[in-house]
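Enquirer:
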Amino acid sequence: IILPILVVGIPLVIGLFWYVQQDYQVILSDYQQERILSRLNPEAYPGTMYQQDNSIQAIGSGQLIGKLFAESESAIRGYRHVPIAESDFIFSVVGEELGFIGSIFILLLFSFIIYKCLSTARKAPDRMGMLIAIGIASLFAFQVFVNIGVATAILPNTGIPLPFLSQGLSSLISGMIAIGIVLNIRLQPKKSTR
């Protein structure tokens, strides 16, 4: 299953990066093109990487146990300000305040939520419930991967919130509704076959 994904995925990604660099492309706006090109050549776009550079410094400054209990002042609230730290870059706050151990704990919590969604899909009474639970698990996995990827400068800045942690009521309500749907699927009795 991995070989077909690689055979299709690698040329697709190479083609996308080639297309983004062309002057005549019309799919992406200028700022979107800058964000992608800044990943390939960070020195040419220093302003584009400002948030992510400060985010990496904040995560690294948390070290093993973080600054929450060790120091009263943190880089997030101090001189190396990460814009929008309470929403798009909340993982940099987690990394700095709770350190490596806290970051791993948060990742384990998200892994547990995704695992429970997938186990609900496996035990779903019908195909529709299974597909909904898999979709919700995929949604959470995608949001976690992209948000942490942006905070650690693996991916370009996108603005996707980290579920249940980022500031914003719409994201929180959406996450709670999704978990409620998964719980409802889990509580449905198996249909009897006659």
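Residues in the sequence shown are numbered from 12 upward in steps of one, following my numbering. Here a beta-carbon is modelled for each residue, glycine too, at the ideal position from N, C-alpha and C.
1. Is the CB-CB distance between Ile196 and Ala135 below 9 Å?
2. Determine whether the beta carbon atoms of Val105 and Ile117 lie at a separation below 9 Å.
3. Does Ser185 come out as helix, strand or coil in the three-state DSSP assignment?
4. Closest by CA to Gly73, which one among Phe102, Gln62, Leu48?
5. Are Ile192 and Ile147 touching if we call contact CB-CB under 9 Å?
6. Please state the DSSP three-state secondary structure of Gly73.
7. So, are the CB atoms of Phe152 and Leu142 less than 9 Å apart?
8. Could you check the C-alpha separation between Tyr90 and Glu45 for me, to the nearest Å?
9. If Val93 sits next to Ser66, beta carbons under 8 Å apart, how far is it from one beta carbon to the other, in whole angstroms?
10. Check Asn52 in the structure and name its three-state DSSP category.
11. Around the Cβ of Asn168, are there at least 16 other Cβ atoms within 10 angstroms (buried) or fewer (exposed)?
12. Is it right to say Gln199 is buried, meaning 16 or more other beta carbons lie within 10 angstroms of its own, or is it exposed?
13. Please report how far the alpha carbon of Gly186 lies from the alpha carbon of Lys127, in whole angstroms.
14. What's the C-alpha gap between Leu79 and Asp41?
15. Just to confirm, is the Cβ distance from Asp99 to Pro172 under 9 Å?
16. Under the three-state reduction of DSSP, which class applies to Pro94: helix, strand or coil?
17. Do Ile112 and Ile165 count as a contact pair if the criterion is CB distance below 9 Å?
18. Answer with buried or exposed for Ser149, where buried requires no fewer than 16 other C-beta atoms within 10 angstroms of its C-beta.
19. Give the C-beta separation of Pro174 and Ser181 to the nearest angstrom, bearing in mind that I take them to be a contact with Cβ-Cβ under 8 Å.
Expert: So, from the data block:
1. Cβ atoms of Ile196 and Ala135: closer than 9 Å.
2. With respect to Ile117, Val105 sits close: the two C-beta atoms are nearer than 9 Å.
3. DSSP places Ser185 in helix when its eight states are reduced to three.
4. Checked all of Phe102, Gln62, Leu48; the closest Cα to Gly73 is Phe102.
5. Between Ile192 and Ile147, the gap from beta carbon to beta carbon is short of 9 Å.
6. Per DSSP, reduced to three states, the secondary structure at Gly73 is coil, with no helix or strand assignment.
7. Looking at the sequence itself, residue 152 is Ala, so the reference to Phe does not match. Cβ distance not < 9 Å, so Ala152 and Leu142 don't count as in contact.
8. Annotation note: pLDDT 44 at Tyr90 (below 50); position unreliable, coordinate value reported separately. Here the C-alpha atom of Tyr90 lies approximately 26 Å from the C-alpha atom of Glu45.
9. With a Cβ gap of about 5 Å, Val93 and Ser66 count as contacting.
10. Three-state result, Asn52: coil.
11. Burial call: buried.
12. A residue is called buried when at least 16 other Cβ atoms come within 10 angstroms of its Cβ; Gln199 does not meet this threshold and is exposed.
13. Cα to Cα, the separation comes out at about 14 Å.
14. Going by the C-alpha atoms only, they are around 39 Å apart.
15. Contact: yes.
16. The three-state reading of DSSP puts Pro94 in coil, since its state is none of H, G, I, E or B.
17. No; because the gap between Cβ atoms is not below 9 Å, this pair is not in contact.
18. Ser149 is exposed by the Cβ-count criterion.
19. About 12 Å separates the two Cβ atoms, so there is no contact after all.
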